[in-house]
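Peer 1: Residue 106 in the UniProt record's numbering sits at position 106 of the sequence shown; the count goes up by one each step and never skips.
This is the structure, below, for whatever I ask next.
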Amino acid sequence: VEGDLFLPEIWFSEAKAQDRKLLGIPYDLKFKTKIEIGMESLNRVIRNGVPFEAICFDGLYGRSEWLRSQIQQANHVYMAEIPCDTNVYLSEPKLGVPLFKPGAGSEIVKGKRGRHPKRIKVLSGQQPIKVRDLPKSGDLKWHLIRVRQ
């Protein structure tokens, strides 16, 4: 339906400028990862109104938290191959930056101790489970889903 040519980063070096010209590769083309090219292709499909029910992709794209996050934020259903050691949650955890809690023995700054948290963490206390352990969890019901007819 949609696609773009991936070129390794070395093809955008000065040493390859003549080869790019000889092959008709546009001068202003910039290096993009396969993940970036994939997301741009998907955005063009969506803009062009191509109907779809779900987005399916292999492990290369499935390993990209950024790509999965972009697709989820756009409220699209996706099915991705992911590594078996990926941590997942059985229900959506609450995320955020933890509240500052001064700790003993920390450097004193304006009457408060310690560093202020900056990184997003799971705040709701849920523990992740590795994908490889999902079949062992008795809490799950499995359903066969047909993707293609």
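Ideal Cβ placement from N, Cα and C applies to all residues, glycine included.
1) Cβ of Ile120 within 7 Å of Cβ of Val88?
2) Quick one: residues in its chain with C-beta nearer than 8 Å to the C-beta of Cys56, no 5 flanking neighbours on either side, listed in chain order?
3) In terms of residues, what are the limits of the alpha helix (DSSP H) holding Tyr89?
4) How would you write the range of the beta strand (DSSP E) that Ala80 sits in, first residue to last?
5) Taking C-beta to C-beta, are Leu7 and Ile35 nearer than 7 Å?
6) What is the DSSP secondary structure of Ile129, counted as helix, strand or coil?
7) Put Val122 into one of helix, strand or coil per three-state DSSP.
8) What do you reckon, are the CB atoms on Leu123 and Lys141 nearer than 7 Å?
9) Using the beta-carbon count (16 or more within 10 Å), is Ser69 buried or exposed?
10) Ile82 and Gly62 - do their beta-carbons sit closer together than 7 Å?
11) For Leu42 and Glu2, what's the separation of their Cα atoms in angstroms?
12) The alpha helix (DSSP H) with Ile35 in it runs from where to where?
13) What does a CB cutoff of less than 6 Å around Thr86 pick up in its chain, not counting 5 residues either side in sequence?
14) Report all residues from its chain with a CB closer than 7 Å to the CB of Ile37; omit the five preceding and five following residues, and keep chain order.
Peer 2: In this structure, then:
1) Counted from its first residue, the sequence shown places residue 120 at position 120. Counted from its first residue, the sequence shown places residue 88 at position 88. Not a contact, by the Cβ cut-off of 7 Å.
2) As a position in the sequence shown, residue 56 is number 56, starting the count at 1. Excluding residues within five positions, the ones whose Cβ falls inside 8 Å are Tyr78, Met79, Ala80 and Val147.
3) Here residue 89 corresponds to residue number 89 of the sequence shown, with the count starting at 1. Neither: Tyr89 is in no alpha helix (DSSP H) and is coded neither H nor E.
4) Counting from 1 along the sequence shown, the entry for residue 80 is found at position 80. Unbroken beta strand (DSSP E) run through Ala80: Tyr78 to Ala80.
5) Walking along the sequence shown from the start, residue 7 turns up at place 7. Walking along the sequence shown from the start, residue 35 turns up at place 35. No, the pair does not count as a contact, with Cβ atoms beyond the cut-off.
6) Looking up residue 129 in the sequence shown gives position 129. Three-state DSSP puts Ile129 in a strand.
7) Position 122 of the sequence shown holds residue 122. Looking at Val122 - three-state DSSP - the assignment turns out to be strand.
8) In the sequence shown, the residue the question calls residue 123 occupies position 123. In the sequence shown, the residue the question calls residue 141 occupies position 141. Taking 7 Å as the Cβ cut-off, Leu123 and Lys141 do not qualify as a contacting pair.
9) On the sequence shown, residue 69 is found 69 positions in, with the first residue counted as 1. Exposed is the call here.
10) Taking the first residue of the sequence shown as 1, we reach residue 62 at position 62. Taking the first residue of the sequence shown as 1, we reach residue 82 at position 82. Closer than 7 Å, so yes.
11) Indexing the sequence shown from 1 puts residue 42 at position 42. Indexing the sequence shown from 1 puts residue 2 at position 2. For Leu42 and Glu2, the distance between alpha carbons rounds to 8 Å.
12) If you number the sequence shown from 1, residue 35 lands on position 35. Here the alpha helix (DSSP H) through Ile35 covers Lys34 to Arg47.
13) Mapped onto the sequence shown, residue 86 falls at position 86. Only Val131 meet the Cβ criterion.
14) Locating residue 37 in the sequence shown gives position 37, counting from the first residue. Asp4 and Phe6, listed in sequence order.
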